[in-house]
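Colleague: Numbered per mature numbering (1 follows the signal peptide of the UniProt record, and there is no 0), the sequence shown spans residues -16 to -1, 1 to 649.
Even for Gly, the Cβ is constructed at its ideal location relative to N, Cα and C.
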Amino acid sequence: MFFKLVIVILVSLAAAEDLNFTYNGFLSANLSLDGVAQFTSNGLLKLTNDTGLGHAFYPNPVTFKNSSNAIAFSFSTTFVFAIRSRLGPFLGGDGIAFVIAPTRGLPGGFQNQYLGVFNETNNGNATNHIFAVELDAVQNPEFGDINNNHVGIDINDLHSVNSSPAGYHALNNGGFRNLTLNSGQPMQVWVEYDGIQKQINVTLGPINVDKPHTPLLSLKNDLSTVLHTTMYVGFSSAASALVTSHYVLGWSFEMNGQAPELVLSQLPKLPRIGRKKISNFLTVGVPVMSVSLVLLAISSLIYAIRRKKKFAELLEDWELEYRPQRFKYKELYIATKGFREKELLGSGGFGKVYKGILPSSKTEIAVKRVSHESRQGMKEFVAEIISIGRLRHRNLVPLLGYCRRKGELLLVYDYMPNGSLDKYLYDQPVVTLNWRQRFIVIKGVASGCFYLHEEWEQVVVHRDVKASNILLDSEFNARLGDFGLARLYDHGKDPKTTRIVGTLGYLAPENARLGRATTHTDVFSFGAFLLEVACGRRPIQTQGQYLDVVLVDLVFSCWKRSNILEAIDLNLGSEFVAEEVELVLKLGLLCSHSEPSARPSMRQVVHYLEGDIPLPELSSLGLSSGGGLKFAHREGFDDSAMSYPSSMGKEMSYVPESALLSGGR
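1) According to DSSP, is glycine 36 part of a helix, a strand, or is it coil?
2) Is tyrosine 98 helix, strand or coil when you go by DSSP?
3) From which residue to which residue does the alpha helix (DSSP H) around methionine 586 run?
4) According to DSSP, simplified to helix, strand and coil, what is glycine 611?
5) So the candidates are Asn106, Val449, Asp141, Gly151; which of them puts its Cα closest to the Cα of alanine 121?
6) For a minimum of 3 consecutive residues, which ranges assigned as the beta strand (DSSP E) are wholly contained in the region 119 to 162?
7) For leucine 538 and aspartate 457, I'd like the C-alpha separation in whole angstroms.
8) How long is the line joining the alpha carbons of glutamine 172 and leucine 203, rounded to whole angstroms?
9) Leaving out the 5 sequence neighbours to the left and right, which residues in its chain are closer than 7 Å to alanine -2 when beta-carbon positions are compared?
10) Return the CA-CA distance between glycine 385 and tyrosine 397, expressed in angstroms with no decimal places.
11) How would you call lysine 253, buried or exposed, if buried means at least 16 neighbouring beta carbons within 10 angstroms?
12) Report the rounded CA-to-CA distance for asparagine 185 versus threonine 228, giving the unit in angstroms.
13) If phenylalanine 423 sits next to methionine 586, beta carbons under 8 Å apart, how far is it from one beta carbon to the other, in whole angstroms?
14) By a C-beta neighbour count over all protein chains shown, 10 Å radius and 16 as the cutoff for buried, is methionine 273 buried or exposed?
15) Between the C-alpha atoms of leucine 569 and glutamate 601, what's the straight-line distance to the nearest angstrom?
16) Checking the sheet assignment: what are the DSSP bridge partners for glutamine 309?
17) At what residues does the alpha helix (DSSP H) containing residue 652 begin and finish?
18) Should asparagine 495 go down as buried or exposed, given a rule of 16 or more other Cβ atoms within 10 Å for buried?
19) My output table needs one value for isoleucine 180: the three-state DSSP class, helix, strand or coil.
20) Return the bridge partner residues of valine 232 from the DSSP annotation.
21) Under three-state DSSP, which class holds serine 202?
22) Compute the distance between the beta-carbons of alanine 512 and asparagine 379, then report whether it is under 9 Å.
23) Start and end of the beta strand (DSSP E) containing alanine 501?
24) Could you check where the beta strand (DSSP E) with arginine 353 kicks off and where it finishes?
25) Between the Cα of serine 221 and those of Gly89, Ser249, Ser576, Val145, spot the shortest distance and give me the residue it belongs to.
26) Relative to the alpha-carbon of isoleucine 318, which residue among Val444, Glu104, Thr198, Asn112 has its alpha-carbon at the smallest distance?
27) Can you find the residues in the same chain that come closer than 7 Å, C-beta to C-beta, to glycine 432, ignoring five residues on each side of it along the sequence?
28) At what residues does the beta strand (DSSP E) containing leucine 456 begin and finish?
29) Please check if any C-beta of chain C sits within less than 9 Å of the C-beta of valine 445.
30) Starting from glutamine 421, trace the alpha helix (DSSP H) both ways and give me its first and last residue.
31) Can you confirm whether the region 31 to 42 touches the region 81 to 99 when touching is taken to mean that 3 or more C-beta pairs between the two stretches lie within less than 8 Å?
32) Based on Cα-Cα distance, which residue from Leu573, Ser581, Asp553 lies nearest to histidine 504?
33) On a Cα-Cα basis, can you pick out the residue from Thr347, Val351, Leu31, Gly486 that is closest to leucine 233?
34) Considering only their Cβ atoms, is the gap separating valine 444 from leucine 375 smaller than 9 Å?
35) Anyone know if the C-beta pair for residue 656 and phenylalanine 63 falls short of 9 Å?
36) Verify whether the separation of the beta carbon atoms of arginine 521 and leucine 409 is less than 9 Å.
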């Protein structure tokens, strides 16, 4: 057994090939450089030339494992670096990183806060297979940086798995002493990995002291899953606008052993800022900068006065009375990754909605950004704040808060992971809802509407109840959202006349004639919603260039033939409760009555759906195979009310019932 163990160890050491190299300066070094990286005439490795990014890698691949599934070998490296700015000490950035990567050059790496290692797309991907030690002189909140002067261990991500303020533990219990990375002074770093103990140690110290006994960072982490069989070792750096150069003065590396000591006396000297440049700066630069600062101060003062005057009434009376939690714009900007198109959930007439994750709580949110082009933007924003900000019901989308900044209007909601209901109903959906799920959704929306109409302190008329405004949570429970058109009035009062708004197919005829939205008009919209959920069709669906299928007429024709179930969604197959489907279809017809007084209230609707009271016979309400019922799909619409997109400008035509039932699903 002992001899087998010896053989395994010898094979492992042989596979690693005991690679080691030492550069006491880089005059004769054969490294692979890209970006702005270069060797200076005296042997410095200069990774950045005031701005830009640069990479420098050992040219040959290094064997870190015997095979893809093997354990990573031990390794050790040490190097001396300096961060120096032409503007003087303590002004440089962004930083430098020692990197072990699958390829040389790190293609796609961004400069500034990404240090030339990652970019905004691949940062955090486990497929990166990158190990790095960052020496970072800038604090980036998006990466969770602890301060603007720290050392961190990064694995596939600039969110460091372990980090510490830059400094070292002095010998002989001298305590912890801070170091400033961008001081312009050379410092030495030791990075060591024990493949058996799975231990990573990172040590930092001034160039004029011995290696501290206590590491700055110590982390238990198995790099076997991070490192490939062969990898490349080297450096990456990026400079900001502060004209900074990042230097490496010397470097040594060894597999399965301690990296050779650098001969500090042989290391090349860092460049000095010449007297002529200092003199020019004092005689020309200082006066120019002084004048510039005075002009900047004046401009800033003027800007601040104008801004204060412009936004003096930023917190309005309605915000004091109704405001929920107010978010900072920066927090929402970070949460949505700068409102990237990739995070866009949808857009409509009132703005765009983005998915986000709050950086502090990791809560998933949806941020509605009201369009700048909308002339009614502030009015709609106020309506949603007032109406939904204090509403609390399990079937309403909760409003978490809002934000106003520079004229931007943003609403923050709970994120609904399953999106809107309409995508599960129309246009041959990839995923459909079974009848049990649909019936639960219907009862949930009915309960939410009942709360709005009767259970809250004021009457809330939603004015846009439809499938696309019903959102589904993780358990496919229904949440009624989008209160941009909502109107409030006191119980027992008559609502005021408003302009006609809403969606054709859901608009009640009296709304079109009188411009008056009431609870009856919401019931009419709910009736159209019932039919579209049960039938899997839109209330008005185009067939051909001049042909519109009106869903309420289709269902009514089936009812006249005593076969109302013929109208149901074919995607349901035979898996449904016939009595429940029939109830929903008949209730949809009842809610679509042209006379508002003939429609049930939402209280009655809830009782019908729960089976507390029986649904009245439709024939007793004017529906009969001879007389029929006057439905309101076009009644009362004048030209102004018809000025909506899609099929609203077409003449209504009818088709045989057989055609209605055979197409358009």
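Modeller: Short version:
1) Within the sequence shown, the letter at position 52 stands for residue 36. DSSP places glycine 36 in strand when its eight states are reduced to three.
2) On the sequence shown, residue 98 is found 114 positions in, with the first residue counted as 1. DSSP places tyrosine 98 in the helix class (H, G or I) of the three-state scheme.
3) For this step, residue 586 is matched to residue 602 along the sequence shown. Here the alpha helix (DSSP H) through methionine 586 covers 586 to 594.
4) For the purposes of this step, residue 611 is identified with residue 627 of the sequence shown, where counting begins at 1. Reliability fails at glycine 611, whose pLDDT of 38 lies under 50, so the model's placement of it is uncertain and the value that follows must be treated cautiously. Look at glycine 611 here: in three-state DSSP terms it is coil, with no helix or strand label.
5) Along the sequence shown, read from residue 1 onward, the residue named residue 121 stands at position 137. Relative to the Cα of alanine 121, the nearest Cα in the group Asn106, Val449, Asp141, Gly151 belongs to Gly151.
6) 134 to 139, 146 to 149, 151 to 153, 160 to 162, all fully within the region 119 to 162.
7) Within the sequence shown, residue 538 is the residue found at index 554, counting from 1. Within the sequence shown, residue 457 is the residue found at index 473, counting from 1. Leucine 538 and aspartate 457 have their C-alpha atoms roughly 31 Å apart.
8) For this step, residue 172 is matched to residue 188 along the sequence shown. For this step, residue 203 is matched to residue 219 along the sequence shown. Glutamine 172 and leucine 203: Cα-Cα distance of roughly 20 Å.
9) As a first step, residue -2 is located in the sequence shown; it is residue number 15 there, counting from the start. Residue placement at alanine -2 is poorly supported in this model, since its pLDDT is 45, which falls under 50; the coordinates are not used for a value here.
10) In the sequence shown, the residue the question calls residue 385 occupies position 401. In the sequence shown, the residue the question calls residue 397 occupies position 413. For glycine 385 and tyrosine 397, the distance between alpha carbons rounds to 7 Å.
11) Against the sequence shown, residue 253 aligns to sequence position 269. Flag for lysine 253 reads exposed.
12) What you label residue 185 is simply residue 201 of the sequence shown in a count that begins at 1. What you label residue 228 is simply residue 244 of the sequence shown in a count that begins at 1. So the two alpha carbons sit approximately 28 Å from each other.
13) Position 439 of the sequence shown holds residue 423. Position 602 of the sequence shown holds residue 586. That pair is no contact at about 17 Å.
14) What you label residue 273 is simply residue 289 of the sequence shown in a count that begins at 1. In summary, methionine 273 is exposed, with fewer than 16 beta-carbon neighbours lying within 10 Å of its beta-carbon over all protein chains present.
15) Taking the sequence shown and counting its residues from 1, the one referred to as residue 569 is at position 585. Taking the sequence shown and counting its residues from 1, the one referred to as residue 601 is at position 617. Answer to the nearest angstrom: the Cα atoms are 13 Å apart.
16) Taking the first residue of the sequence shown as position 1, residue 309 is located at position 325. In DSSP, glutamine 309 forms a bridge with Gly385.
17) The displayed coordinates of the chain run from -16 to 649. Any statement about residue 652 would go beyond what the structure contains.
18) Locating residue 495 in the sequence shown gives position 511, counting from the first residue. Looking at its Cβ environment, which holds 16 or more other Cβ atoms inside 10 Å, asparagine 495 is buried.
19) Along the sequence shown, read from residue 1 onward, the residue named residue 180 stands at position 196. DSSP places isoleucine 180 in coil when its eight states are reduced to three.
20) Residue mapping note: residue 232 aligns to position 248 of the sequence shown, counting from 1. In the DSSP assignment, valine 232 forms a beta bridge with Leu29, Phe65.
21) Residue 202 sits at position 218 when you count from the first residue of the sequence shown. Residue state, collapsed to three classes: strand.
22) Translated into positions along the sequence shown, residue 512 becomes position 528. Translated into positions along the sequence shown, residue 379 becomes position 395. In this structure, the beta-carbon distance from alanine 512 to asparagine 379 does not fall below 9 Å.
23) Position 517 of the sequence shown, counting from 1, holds the residue named residue 501. Note, alanine 501: premise wrong, no beta strand (DSSP E); not H, not E.
24) For the purposes of this step, residue 353 is taken as residue 369 along the sequence shown, with counting starting at 1. That run of the beta strand (DSSP E) goes 348 to 353.
25) Working through the sequence shown from its first residue, we reach residue 221 at position 237. With distances taken between Cα atoms, serine 221 lies closest to Gly89.
26) The residue given as residue 318 occupies position 334 in the sequence shown. The shortest Cα separation from isoleucine 318 among Val444, Glu104, Thr198, Asn112 belongs to Glu104.
27) On the sequence shown, position 448 is the one that residue 432 refers to. So the list reads His377, Asn379, Leu380, Leu464, once near-sequence residues are dropped.
28) One-based indexing of the sequence shown puts residue 456 at position 472. Per DSSP, leucine 456 belongs to the beta strand (DSSP E) from 454 to 456.
29) No chain C appears in the structure shown, which is made up of a single protein chain.
30) Position 437 of the sequence shown holds residue 421. 419 to 434 is the extent of the alpha helix (DSSP H) around glutamine 421.
31) Taking 8 Å as the limit for Cβ pairs, the verdict is that the region 31 to 42 does touch the region 81 to 99.
32) On the sequence shown, position 520 is the one that residue 504 refers to. Ranking Leu573, Ser581, Asp553 by Cα distance to histidine 504 puts Ser581 first.
33) The residue you call residue 233 lines up with position 249 of the sequence shown. Per the C-alpha coordinates, the member of Thr347, Val351, Leu31, Gly486 positioned closest to leucine 233 is Leu31.
34) For the purposes of this step, residue 375 is taken as the residue at position 391 of the sequence shown. For the purposes of this step, residue 444 is taken as the residue at position 460 of the sequence shown. Result yes, Cβ atoms of leucine 375 and valine 444 sit closer than 9 Å.
35) This structure cannot speak to residue 656, because the chain is shown only from -16 to 649.
36) Residue 521 sits at position 537 when you count from the first residue of the sequence shown. Residue 409 sits at position 425 when you count from the first residue of the sequence shown. In contact: arginine 521 and leucine 409 (Cβ atoms closer than 9 Å).
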